[in-house]
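This report refers to the structure that appears directly beneath it.
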């Protein structure tokens with residue numbers, strides 16, 4: 035485990051160089067052009083239903099993953115709508131796209147949003163859907179911290195943590211009747227709804243703690259790859275740890291994640307100075323304050 039970070043940094047989450055040139059790293063307009071063709075290809079794949087389903091293993095295709103994730107996030111947005119601020123949403127998507135582009139799943143139709151909620155939390159759904167609450171966003175101090183929060187959720191998607199959890203809870207017989215072509219088939223639609231219901235319940239109970247620790251480790255590596263200070267995620271966790279754990283804003287986070295102090299301990303031990311060479315990465319506090327409307 036002592037070399038876990040070096041292994042991930044070299045080959046685990048991305049296909050490009052460890053840290054991009056900073057002048058290009060945050061050129062969001064260029065990035066969106068680079069990703070557009072890949073995203074269009076995935077959308078065509080979903081529309082055409084070009085995917086094989088492994089019934090014996092309950093292994094979902096990428097198209098199915100995107101479809102299920104979209105339905106799950108729709109449920110989340112039904113409970114809390116997106117913040118009505120186009121500039122803020124565009125900015126969060128720009129930062130999220132850039133961090134996600136450092137992974138080996140950059141072709142997913144990544145989508146990021148800030149939702150109207152005073153709670154301090156963030157969520158990821160299979161297929162590349164990620165939301166952060168306004169309560170958590172307002173707690174952040176700079177762009178690197180925002181990137182750290184998004185990187186943690188991106189790692190969940192890349193590692194398919196939610197799908198793995200669902201596959202463990204649903205019996206093999208369930209998966210044998212699920213396929214990509216659901217329209218017009220009542221039985222399959224019912225199975226899909228059952229899966230969505232299980233997914234919603236998963237957000238209430240939380241993932242296995244090992245998945246949360248894994249996402250933390252991979253998030254700091256993604257930050258380094260994206261040209262940010264990887265210690266920014268620790269700054270976020272430290273801020274959260276300073277809040278009364280019994281406060282209403284933290285009620286969901288505390289139920290669905292390990293204790294923040296434990297996350298800091300685990301992450302600090304794994305990092306142990308191994309990413310110090312990347313600590314001079316960008317913070318971009320000024321741009322963050324400008325978007326957030328702070329003085």
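Residue numbers (this note's numbering): 35 to 329.
Don't be surprised by glycine CBs; every beta carbon is placed ideally from N, CA and C.
Owing to the predicted nature of the structure, the values given are computational and were not obtained by experimental measurement.
Annotation: the continuous beta strand (DSSP E) that includes residue 147 extends over 145–149. Residue 154 sits away from residue 268, with the two beta carbons spaced by 8 Å or more. Around residue 273, the same chain offers 173 as residues with beta carbons nearer than 7 Å, after the five sequence neighbours per side are excluded. Per DSSP, the continuous alpha helix (DSSP H) segment holding residue 126 begins and ends at 120–134.
Around the C-beta of residue 264, 16 or more other C-beta atoms lie within 10 Å, and the residue is accordingly described as buried.
By alpha-carbon distance to residue 246, the top candidate from 325, 290, 104 is 290.
Distances from the alpha-carbon of residue 230 to those of 97, 95, 102 put 102 closest. The C-alpha of residue 148 is placed about 16 Å away from the C-alpha of residue 323.
Per the DSSP secondary-structure output, residue 316 pairs in a beta bridge with 262.
Rounded to whole angstroms, the gap between the alpha carbons of residue 321 and residue 122 is 11 Å.
Contact between the region 274–281 and the region 227–242 is absent: fewer than 3 CB-CB pairs across the two stretches fall below 8 Å.
Pairing residue 252 with residue 181 gives a Cβ-Cβ distance that is not under 8 Å.
Taking the Cβ atoms as the reference, residue 117 lies roughly 18 Å from residue 159, outside the contact range of under 8 Å.
Looking at 202, 275, 261, the one whose alpha-carbon comes closest to that of residue 314 is 261.
Sixteen is the threshold: since fewer than 16 other Cβ atoms of the shown chains lie within 10 Å of the Cβ of residue 307, the residue is exposed. Looking at the DSSP output, residue 116 shares a beta bridge with 149. Cα atoms of residue 100 and residue 162: separation of roughly 7 Å, rounded to the nearest angstrom.
In this structure, residue 271 lies away from residue 303, with their beta-carbon atoms at least 8 Å apart.
Per DSSP, residue 189 is not a residue of any beta strand (DSSP E); the alpha helix (DSSP H) it occupies stretches across 177–192. Here the alpha carbon of residue 120 sits roughly 21 Å from the alpha carbon of residue 104. In this structure residue 112 is exposed. Its beta-carbon is surrounded by fewer than 16 other beta-carbon atoms within 10 angstroms.
Per the C-alpha coordinates, the member of 142, 125, 132, 136 positioned closest to residue 97 is 142. By the Cβ-count criterion, residue 244 is exposed, with fewer than 16 other Cβ atoms from all chains shown falling within 10 Å of its own Cβ. Residue environment analysis places residue 177 among the buried positions, since at least 16 neighbouring C-beta atoms fall within 10 angstroms of its C-beta.
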